[in-house]
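Novice: If you read the sequence shown in our numbering, its first letter stands for residue 110, the second for the next number, and so on.
For every residue, glycine included, the Cβ atom is placed at its ideal position computed from N, Cα and C.
My questions all concern the structure below.
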Amino acid sequence: MIKYFKFLVFLLLLNRISAQTTEKYTTLLEGVTVNEMCTDGQNIWIATNGSGIFRYDIKTKEIENFSTSQNNLKHDLFYSITANNDFVWAGSTDGLFTYDKKSNKWTQRKFAKGGQLGNWIRSVAYDKYENVVWIGRFQYLTKYSIATRQFDDYDLTVQGNQKSNNIKKVVVDGDSLVWFGSEAGLHKYYKKKNITEPNATVFYDNKFNYFNGEGEQISITSVLFDRRYMWIGLDEFITEDNPQFNIGGLYKFDRKNDWKRFDASNGFAGNGIFCLEKTGNYIWAGLYQFGRESKENFGRGLLLINRLTNQIKPITDSSLPATVLCMYFDGDSMWLGSKNGITIVPITNKLAELKKRN
């Protein structure tokens, strides 16, 4: 009965969000393009495209900016960020930047292997189980051991396809697995093995009926886990001459053989997936549509998928950003990062309010 009541309350909330409401959400960093957010438990760290790094103190709600304009950081273009209790690591267009919380200083690390493209860091992930940082570069993957301060580079190229070594997303999956999303497919790595060993990794592209054999290339943008499944978001990149190149979509993978695809045929407003996040039984997806003529991405807002029933519900609130580049759920609210700052959507508090009213 309690679970049923909570489900009804959540449906009421979804209807409230989906309506053309005039409710004003909390906004931060207006005019700033937000690429990624993470937390260290005390702060929310925000990587931006052109405005450096922001630190939001969860307790005091104070915001501090690290950027060239503040003379406390030598770079402003960041794509990714991760943190632990002692350090923050941010991936930029010019290498890896590390913030030491004790010294309150940033240091820069550039990589020789891969040239300048090898210094475009598109994803970083702290692995608390191994105490290492995984660094996904435009060319090559790097593992940084915090204990030894050693950097190890790896070439993940599969069967001569260089795009399989163009890393876009790194996601730690518990104490045994790490997933590396590339422009040509998804690598699964068993951490108990040396990554250079045979069978240490498995590569999922559109061969052997992975991703149902759909499209010509599989470019990964996001990976999310629930109890039984993986949710995998893809890039859309198609042209009139090549309409099957990167067809996009969202896949629900049972980690064995079943790949269920969600796309425009299911009610998606766009086949490109910017980002994914989870609250309870719902998967949130930030969508975009690729313009065949303009060759640009057009934001198509948000939708929710019930991960138990696969029911899809678009969020049609016009006061929310159309282009959601990243999301972060803090336990109470959903933070939506866009080209125009952050919009904070309360969720848990509204559920509590509705419960009291009922």
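With a threshold of 7 angstroms on Cβ separation, who are the neighbours of residue 344 within its own chain once the five nearest residues in sequence on each side are excluded?
Specialist: Scanning its chain for C-beta atoms nearer than 7 angstroms, with the 5 sequence neighbours on each side dropped, one finds around residue 344 the residues 328, 330, 355, 357, 381, in chain order.
Novice: Count the other C-beta atoms from every protein chain shown that fall within 10 angstroms of the C-beta of residue 208, then say buried if there are 16 or more, exposed otherwise.
Specialist: Flag for residue 208 reads buried.
Novice: Based on the DSSP secondary-structure assignment, which residues constitute the bridge partners of residue 394?
Specialist: 385, 412
Novice: Exposed or buried, what is residue 277 when buried is set at 16 or more other beta-carbons lying within 10 Å of its beta-carbon?
Specialist: buried
Novice: Within its chain, find whatever has a CB closer than 6 angstroms to the CB of residue 416; leave out the 5 residues flanking it on each side and keep chain order.
Specialist: 335, 390, 392
Novice: Straight-line CA distance for residue 152 to residue 216?
Specialist: Looking at the two C-alpha atoms, the distance is approximately 20 angstroms.
Novice: So what does residue 455 bridge to, in DSSP terms?
Specialist: 442
Novice: Out of 379, 230, 332, 154, which has the shortest C-alpha to C-alpha gap to residue 347?
Specialist: 379
Novice: With DSSP run on the structure shown, which of helix, strand or coil describes residue 355?
Specialist: strand
Novice: Return the residue from the list 424, 384, 432 that minimises the CA-CA distance to residue 406.
Specialist: The candidate whose alpha carbon is nearest that of residue 406 is 432.
Novice: Whole beta strand (DSSP E) runs in the region 147 to 208 with 3 or more residues, listed along the chain?
Specialist: Along the region 147 to 208, the beta strand (DSSP E) occurs as fully enclosed runs of 3 or more residues at 152 to 157, 162 to 166, 172 to 175, 187 to 192, 196 to 201, listed in sequence order.
Novice: Kindly list the residues whose CB is nearer than 8 angstroms to the CB of residue 285, restricted to its own chain and excluding five residues on each side of it in sequence; keep chain order.
Specialist: 299, 300, 301
Novice: If you reduce the DSSP assignment to three classes, tell me which class residue 378 lands in.
Specialist: coil
Novice: In terms of residue numbering, what span does the beta strand (DSSP E) encompassing residue 250 cover?
Specialist: Counting along the chain, the unbroken beta strand (DSSP E) around residue 250 starts and ends at 250 to 254.
Novice: Pick out whichever of 353, 360, 441, 442 has its Cα sitting closest to the Cα of residue 401.
Specialist: 353
Novice: Just reading off the beta strand (DSSP E) that residue 423 is part of, what are its end residues?
Specialist: Residue 423 -> beta strand (DSSP E) spans 421 to 424.
Novice: For the region 262 to 334, list the beta strand (DSSP E) runs that are entirely contained and at least 3 residues long, ordered along the chain.
Specialist: 276 to 282, 286 to 291, 295 to 299, 310 to 313, 329 to 334
Novice: DSSP state of residue 228, grouped into three classes?
Specialist: For residue 228, the secondary structure class from DSSP, reduced to helix, strand or coil, is helix.
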